[in-house]
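Enquirer: Heads up, the sequence shown is in numbering that gives the first Met the number 0, so the first residue is 0 and it goes up one at a time.
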Amino acid sequence: MIRLKMLLKKAPLHASVECIVRRDQRDTIDVPFSRAGYDVRIRRVAVNSYLVSLKKKETGSVS
């Protein structure tokens, strides 16, 4: 999870970070990152593999 946070910090604004994780890693990413202001998308790609995509949620309103 620390490595994932480092990737998110280095990612350009409006870019998403994707990685393949195991089931147990998926569970530790989903809720904490959702609460921390990230748009979390998870898609199953194999029996015990998930593609996780994280993108910083945009705040504020557009006029």
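Backbone N, C-alpha and C fix where the C-beta goes; we use that ideal spot for every residue, glycine too.
Report the three-state DSSP secondary structure of Arg42 (helix, strand or coil).
Expert: Taking the sequence shown and counting its residues from 1, one reaches residue 42 at position 43. Strand at Arg42.
Enquirer: If contacts are defined as beta-carbon pairs under 8 Å, then Arg42 and Tyr49 qualify, I think. What distance do you get, rounded to the angstrom?
Expert: The sequence position of residue 42 within the sequence shown is 43, counting from 1. The sequence position of residue 49 within the sequence shown is 50, counting from 1. Between Tyr49 and Arg42 the Cβ distance is about 7 Å, and since that is below 8 Å, they are a contact.
Enquirer: In terms of DSSP beta bridges, what is Leu53 paired with?
Expert: Indexing the sequence shown from 1 puts residue 53 at position 54. Its beta-bridge partners are Val16 and Val39.
Enquirer: Hey, how far is the Cα of Glu17 from the Cα of Leu3?
Expert: Looking up residue 17 in the sequence shown gives position 18. Looking up residue 3 in the sequence shown gives position 4. Distance between the alpha carbons of Glu17 and Leu3: 9 Å.
Enquirer: According to the Cβ coordinates, are Met0 and Ile28 closer than 8 Å?
Expert: Locating residue 0 in the sequence shown gives position 1, counting from the first residue. Locating residue 28 in the sequence shown gives position 29, counting from the first residue. It is a contact, given that the beta carbons lie within the stated cut-off.
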